[in-house]
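The opening position of the sequence shown corresponds to residue 84 in my numbering, with each subsequent residue numbered one higher. No residue lacks a Cβ here, since even glycine has one placed at the ideal position from N, Cα and C.
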Amino acid sequence: MATNTFTPELLEKHFAKNEWKKGTRIFQANGIKTCALDGEIIRGVVYSERSRQSTYLTRLVLNIKNDGIASYCDCYIGRDCKHGAALAQCFIHEHFDQNSIATSEKVIDKWLSRFQAQPSRYQPNSQQKSLLYFLKPNSYNEDDYFTLGIKSARPKNSGGWSSSLGSEFSASSLINSAYANNDDVAVLTELIRTNQYGDNIKYFDLFERIIKTNRCFWQTSYDLNEAITLGDPIEAQWQWLALDNKLHTLKLVFMEPSTNILIIKAQPLCYYDEKNNCFGKINTNTQCNFEADLLNSPIFEEDKLPWVMNKLSMSLGDAVQRLPKPKTEYSQELTKPEVHLHFSTPREADPQSGFVKVNFSYQGNLVNPHNESVTVTPKNSSENDNETETDKKIKLYRDLTFEQAVIDKLTTLKFTVQPKAKRYTFTNEDYLNKDKTPKFSMLMQGRYLWHHFLHQEVQPLKNLGWHITFTDDFYYKALATDSVFDAEVIQTDDHDFFSLGLNLTIDGKKMPAFPILLGAIEQLPKSALVDREKEKLISPDSPIYVDLDNGDFVALRYQSVQPILKQFIELFMPNALNKNGTMELSRFQGHQTLSMLDDQGMIATGTSKLRSLADKLRDFQQVTTVPVPEGLNATLRTYQHQGLNWLQFLREYQLNGILADDMGLGKTIQTLAHLLIEKQQGRLTKPVLIVAPTSVIFNWANEIEKFTPQLSYRVLHGSKRQQHFDCFEGLENQVDIIITSYALITKDLALYSQQKFYYLVLDEAHYIKNTKTKLYQAFLTLKAQHKLCLTGTPMENHLGEFWAQFNFLLPGFLGGQRQFTKLFRTPIEKHGEQERKQLLNQRIKPFILRRTKDKIATELPPKTEIIQKLRIEGQQAELYESVRLAMDSRLKDIIADKGLKRSQIEVLDALLKLRQVCNHPKLLSLEGAKKVNQSAKLDYLMETLPEQIAEGRKILIFSQFTSMLALIEDELVAEGIDFVKLTGSTTNRQAVVDKFQEGEVPVFLISLRAGGVGLNLTAADTVIHFDPWWNPAVENQATDRAYRIGQDKPVFVYKYIIENSIEEKIQKIQQNKAELAKALLSEEVSDNKLSLTDDILGSLLAPLS
């Protein structure tokens, strides 16, 4: 063996870290006297740490245990000690050069010296003992295996060995002995590995290795001069020996007469020849591993020989064919029996149980497995028949191997063998044949096991030729079905619902299928239809067993029921079916239901009324195009006209929905166009109630006046709103549209709940996403012929918000809240179930219309400007009016004293204060203003900004007041919205720009002077001008930070204007008198004189309303 078989890693790994460390200490102190590699052993002498007068014999042996090394020492520890570790380190040092791959010359010389013709250093001499091996029979074991004894003796000069023997040793104690040479170590190692020392020796290879040492002796021999030698193999055969009284036994017979031969049980069989003192193999006619057991053959009665041979074949396999057949007076024929299984239900037991009586037919002769006889006498053969000299009596011997295989097969199918007698539960008829002999019965319990057996196992067993019968009253019966469903749609008195019945032909009869499908659900693994990984475990052809009545059942292929179960998920809820087995569904699911029926190729009746609506619901393109109403002061874009068509379609079929276009795409104009058609066609006979956030209710009023002035309206808002409640009193006071805010609905609920509205429109409908609020409950009490939700973000956080809006629009459409959570929200949000998500999308698709800016980019102009008019109220309005009155009074005095033309500075200062109040009262330096924490612009910004961010918008917010940007910044931080800011104090401008351009933040705050020009911000697609600027051209320059070459998205520009304030009045002047507007909006004194007149100044300082 090569020296590098002992690797440093292998040696170090063997020892505990503590012992290895101690060994290092010994090695470094030159504590190794000798170290040598001898084949598979490293031998050495190690000095004692206490005194160099004492030494220890230490050995490291390869391939002893699984870790590859065993360490022995004659110190008091004995194994794996520090001396072994020190020897290992010495070996590593001598044999493994750490700096070179080449082996050292010293080591090479040692290796070459092994080939010199000189005695081994371990050659025994007269002073050194050697190990002797003694074979002896095991007198304590009836199996007659041989054991091994090991003793030590000195060689005699005259040859042989001294008769003065040492004590008997164990193999583990000897392996490190100085007496053991390489051959001994190999023997001792094998004894330890196979655990044979001190016990029976079972393998010829070990005998052979021991004998080759030339130190192996027969235990009973006292002559130590003649060691046992290896003899040649001898031939022998197994034969049946016939004894008296028809008795037989199996015996090993030598082919050549031999005396003094002792058979030794081993693998293979061996012999010891006492005369020639030799040991060798026995070659037989079977050559199998069980021959040692064949030596103990008992004496058999003749009629049991077939049974014996059958049993032997189970153990010996093909080797039994090499055994001679016993000679008997019978013709013994081996024949395969036929299997007879007869199934019955216990008379007094759980009907889920069932018996099978097992019999085997040998040429028409039934044999019960309980029968202990090993032969069968055919009915046409008798021992009393006259025989000729050449005739023999015929006995068939049973194929017990086959019989056992049948029983084993039934056992794998979950049948259990029943005892011959039973103390309770079942009657004797269940266990006894007519002749009172015990039946061989097997029992199986469990409904599913019987379903599986009858459906999938019976026919394959019949194909094997098994005879299978059932009693007439057997409990279970598998009914046939082709798994083809048909459907029937039944209209109900409630026009919002219809009943759907599915039928399945079973055993030639039509049966309601939904109750059967409920049974199928119970058989599926939990969550299998919503957990993709669990569903993968189900084969498409897997049968699902469904119980019917009185033990009847049907097997449905999973592939045939899966689409139905995934479509009609309401089956998973309690009380899902009507008493007649039909399912009640919302008419809003008609499109989905008919699609599934069509996809599955089901024949369906009663669908004509439902199909006309369903076809339109399935395909939005089939919605009828309506003309744009006359008098609409706007040109609708294509997608807006489609939205109008959709709203008309919903109204026609008494449906409600969500118009969920992105912010800025014109949800308001589409709604007003729709309401204008309703008025022109005479259907708007009751008022429309529009509910919106406080910040935009007046925007609705402005849009009505601008686009649909034919529609009358009333805004119910503010503390004096009660004086306008007369719009509900009589037709003469009725208006087309009533506008109010979410904040006032609950306060005025008593009034609104008494009314019947034609339309109930919720703008920014995400306000009702929480079903537990009083606001949500209030809306459920309002009565309206039609309902419409407007929102750019129908869902912000979770699907429960979605359900809330649809429960308001179409009660029952998505089921109850718990049902929706179980069937949709949990599978989609927690398990990521895409199929359930797709099912929800299909269900709601006709009732929600959503267009995003990127999807209709080709229809949009490159830049869309939106004047967002807002109204200030409360303390902010009061402050504005207070400042306005003060400035009006002050200016009148100054102008009277100096004249209008010489009062430019004072006029600009007054107008600046009013503009600051429009933005936020805190921009004023007045003490009273700092107490007002109300800003219509900031409120509207923070209401709409999250929606825009959710839509993926990238937003620039411009203001000429850096103090206003600071207030916006505080709100963004509070809401957790990421942003960057650019003002005159920003040092690293490019880093801020890059962060926005690369999509790290969605919002960019920019001051006029710092960022109005010179920036390239094409990542933005939304621009918000928080306050009007002195020059429209400069305002356009700011917009052009986003709207410039390289921009590939439509840009939306929002300009916040406070209604009826100085901002709106300057805007109107700006359209005609640009120079005047420039001067009015400038923070600096212009070189040009203000071309103001008393009338213009009076209009600028006019009250808010």
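| query | In the structure shown, what three-state DSSP assignment does P1004 receive? | reply | Taking the sequence shown and counting its residues from 1, the one referred to as residue 1004 is at position 921. If DSSP states are grouped into helix, strand and coil, P1004 belongs with the helices.
| query | Which value, in whole angstroms, describes the spacing of the CA atoms of T707 and Q731? | reply | Residue numbering aside, residue 707 sits at position 624 when the sequence shown is read from its first letter. Residue numbering aside, residue 731 sits at position 648 when the sequence shown is read from its first letter. Here the alpha carbons of Q731 and T707 stand approximately 9 Å from one another.
| Is the distance from the Cβ of W323 to the Cβ of T367 below 8 Å? | The count along the sequence shown starts at 1 and reaches residue 323 at position 240. The count along the sequence shown starts at 1 and reaches residue 367 at position 284. Between W323 and T367, the C-beta spacing is not below 8 Å.
| field | Same chain only: Cβ atoms within 8 Å of S824, ignoring 5 sequence neighbours per side | value | Locating residue 824 in the sequence shown gives position 741, counting from the first residue. In chain order, V774, A775, P776, T777, I780, H800 place their CB closer than 8 Å to the CB of S824, counting only its own chain and leaving out the 5 sequence neighbours on each side.
| query | To which residues of the same chain is K1078 closer than 8 Å at the C-beta, ignoring the five residues directly before and after it? | reply | Counting from 1 along the sequence shown, the entry for residue 1078 is found at position 995. Hits under 8 Å: V1063, V1084.
| said: Suppose the cutoff is 7 Å on Cβ atoms and the five residues either side in sequence are ignored; what does the same chain contact list for T676 look like? | reply: If you number the sequence shown from 1, residue 676 lands on position 593. Cβ neighbours of T676 beyond the five flanking positions: L583, L668.
| request: May I ask you to verify whether the segment 1043-1056 touches the segment 1003-1010, counting CB pairs closer than 8 Å and requiring at least 3? | output: Result yes; three or more Cβ-Cβ pairs closer than 8 Å.
| query | How is P1029 classed by DSSP in three states: helix, strand or coil? | reply | Residue numbering aside, residue 1029 sits at position 946 when the sequence shown is read from its first letter. Three-state result, P1029: helix.
| task | Give the DSSP-derived three-state secondary structure of F1135 in the structure shown. | result | Here the question's residue 1135 lines up with position 1052 in the sequence shown. Note: F1135 maps to strand in three-state DSSP.
| said: On the criterion of 16 or more Cβ atoms from any shown chain inside 10 Å, does Q951 qualify as buried, or is it exposed? | reply: The residue given as residue 951 occupies position 868 in the sequence shown. Looking at its Cβ environment, which holds 16 or more other Cβ atoms inside 10 Å, Q951 is buried.
| query | For the segment 1067-1099, which segments carrying the beta strand (DSSP E) assignment without a break, of at least 3 residues, lie completely within its bounds, in sequence order? | reply | The qualifying runs are 1086-1090.
| message | Just list the residues that DSSP pairs S582 with in beta bridges. | response | Counted from its first residue, the sequence shown places residue 582 at position 499. Listed as beta-bridge partners of S582 by DSSP are I573, E667.
| Does the distance from the C-beta atom of F930 to that of L893 stay below 8 Å? | Reading the sequence shown from its first residue, position 847 is the one you call residue 930. Reading the sequence shown from its first residue, position 810 is the one you call residue 893. In this structure, L893 lies closer than 8 Å to F930 by Cβ.
| request: Give a yes or no on whether the C-beta atoms belonging to P316 and K364 are separated by under 8 Å. | output: The residue given as residue 316 occupies position 233 in the sequence shown. The residue given as residue 364 occupies position 281 in the sequence shown. Yes.
| message | Taking contact to mean 3 or more Cβ pairs, one atom from each stretch, closer than 8 Å, check whether the segment 490-501 and the segment 526-540 are in contact. | response | Using a Cβ-Cβ distance cut-off of 8 Å, the segment 490-501 and the segment 526-540 are in contact, since at least three pairs of beta carbons, one from each stretch, lie closer than that value.
| task | Go through its chain and collect everything with a Cβ distance to T90's Cβ below 7 Å, but skip five positions before and after it. | result | Translated into positions along the sequence shown, residue 90 becomes position 7. The beta carbon of T90 sits closer than 7 Å to none of the beta carbons in its chain outside the five residues before and after it.
| What's the call for D698, buried or exposed, on a 16-neighbour Cβ count within 10 Å? | The sequence position of residue 698 within the sequence shown is 615, counting from 1. Exposed, by the Cβ-count rule.
| request: Determine, using beta-carbon pairs with one atom in the segment 417-428 and one in the segment 536-554, whether at least three such pairs fall under 8 Å. | output: Short answer: they touch.
| field | Span separating the alpha-carbon of R506 from that of M594 | value | For the purposes of this step, residue 506 is taken as the residue at position 423 of the sequence shown. For the purposes of this step, residue 594 is taken as the residue at position 511 of the sequence shown. Low confidence applies to R506: its pLDDT is 38, below 50, so where it sits in the model is not reliable, and the reading given next is rough at best. Taking the Cα positions, R506 is about 44 Å away from M594.
| query | Is it the case that the Cβ atoms of Q723 and I752 are separated by a distance below 8 Å? | reply | Locating residue 723 in the sequence shown gives position 640, where the first residue counts as 1. Locating residue 752 in the sequence shown gives position 669, where the first residue counts as 1. A contact, by the Cβ cut-off of 8 Å.
| field | Three or more C-beta pairs below 8 Å linking the segment 1011-1027 and the segment 1069-1077 | value | Touching, no.
| With 16 other CB atoms within 10 Å as the buried threshold, where does F790 fall? | Working through the sequence shown from its first residue, we reach residue 790 at position 707. F790 is buried by the Cβ-count criterion.
| Cβ separation of L257 and I233, assumed to be a contact under 8 Å, to the nearest whole Å | Here residue 257 refers to the residue found at position 174 of the sequence shown. Here residue 233 refers to the residue found at position 150 of the sequence shown. The Cβ separation is near 6 Å, so the contact holds.
| field | Where L873 falls: helix, strand or coil (DSSP) | value | For this step, residue 873 is matched to residue 790 along the sequence shown. The three-state secondary structure of L873, taken from DSSP, is strand.
| query | With burial defined as no fewer than 16 other Cβ atoms inside 10 Å of the residue's Cβ, what is the status of P910: buried or exposed? | reply | By 1-based counting over the sequence shown, the position of residue 910 is 827. Its Cβ being crowded by 16 or more others within 10 Å, P910 is buried.
| task | Give me the Cα-Cα distance between I1089 and M679, rounded to the nearest whole angstrom. | result | For the purposes of this step, residue 1089 is identified with residue 1006 of the sequence shown, where counting begins at 1. For the purposes of this step, residue 679 is identified with residue 596 of the sequence shown, where counting begins at 1. When only Cα atoms are considered, I1089 and M679 end up about 54 Å apart.
| request: Take E1142 and list the residues in its own chain whose beta-carbon comes closer than 7 Å to its own, dropping the five residues that flank it on each side. | output: Translated into the one-based positions of the sequence shown, residue 1142 becomes position 1059. Here the set comprises F781, K952, L953, R954.
| Rounded to a whole number of angstroms, what is the C-alpha to C-alpha distance between S720 and L738? | As a first step, residue 720 must be located in the sequence shown, where it is residue number 637. As a first step, residue 738 must be located in the sequence shown, where it is residue number 655. The residue you asked about is not Ser; residue 720 is Arg in the sequence shown. Put simply, the backbone Cα of R720 is about 24 Å away from that of L738.
| task | Please report the Cβ distance between P1111 and I1051, rounded to the nearest whole angstrom; I am assuming they are in contact, meaning their Cβ atoms lie under 8 Å. | result | Taking the sequence shown and counting its residues from 1, the one referred to as residue 1111 is at position 1028. Taking the sequence shown and counting its residues from 1, the one referred to as residue 1051 is at position 968. At roughly 17 Å, the Cβ-Cβ gap does not stay under 8 Å, so P1111 and I1051 are not in contact.
| query | Count the other CB atoms within 10 Å of the CB of H881; is the residue buried (16 or more) or exposed (fewer)? | reply | Numbered from its first residue, the sequence shown carries residue 881 at position 798. Only exposed fits H881, as fewer than 16 other CB atoms lie within 10 angstroms of its CB.
| task | Report the option in D819, F581, V268 whose CA atom is closest to the CA atom of L293. | result | Locating residue 293 in the sequence shown gives position 210, where the first residue counts as 1. The residue you asked about is not Leu; residue 293 is Ile in the sequence shown. Out of D819, F581, V268, the CA that lies nearest to the CA of I293 is found in V268.
| Going by DSSP, what residues sit across from D630 in a beta bridge? | Working through the sequence shown from its first residue, we reach residue 630 at position 547. DSSP output for D630 lists F636 as bridge partner(s).
| query | Can you tell me whether G106 is buried or exposed, with buried defined as 16 or more other CB within 10 angstroms of its CB? | reply | If you number the sequence shown from 1, residue 106 lands on position 23. By the neighbour-count rule (16 or more Cβ atoms within 10 Å), G106 is buried.
| Based on Cα-Cα distance, which residue from E1058, F300, Y155, K855 lies nearest to S246? | As a position in the sequence shown, residue 246 is number 163, starting the count at 1. F300 is the residue among E1058, F300, Y155, K855 whose C-alpha sits nearest the C-alpha of S246.
| Three-state class that DSSP yields for W886 in the structure shown | Walking along the sequence shown from the start, residue 886 turns up at place 803. Per DSSP, reduced to three states, the secondary structure at W886 is helical.
| field | Three-state class that DSSP yields for F426 in the structure shown | value | Here residue 426 refers to the residue found at position 343 of the sequence shown. If DSSP states are grouped into helix, strand and coil, F426 belongs with the strands.
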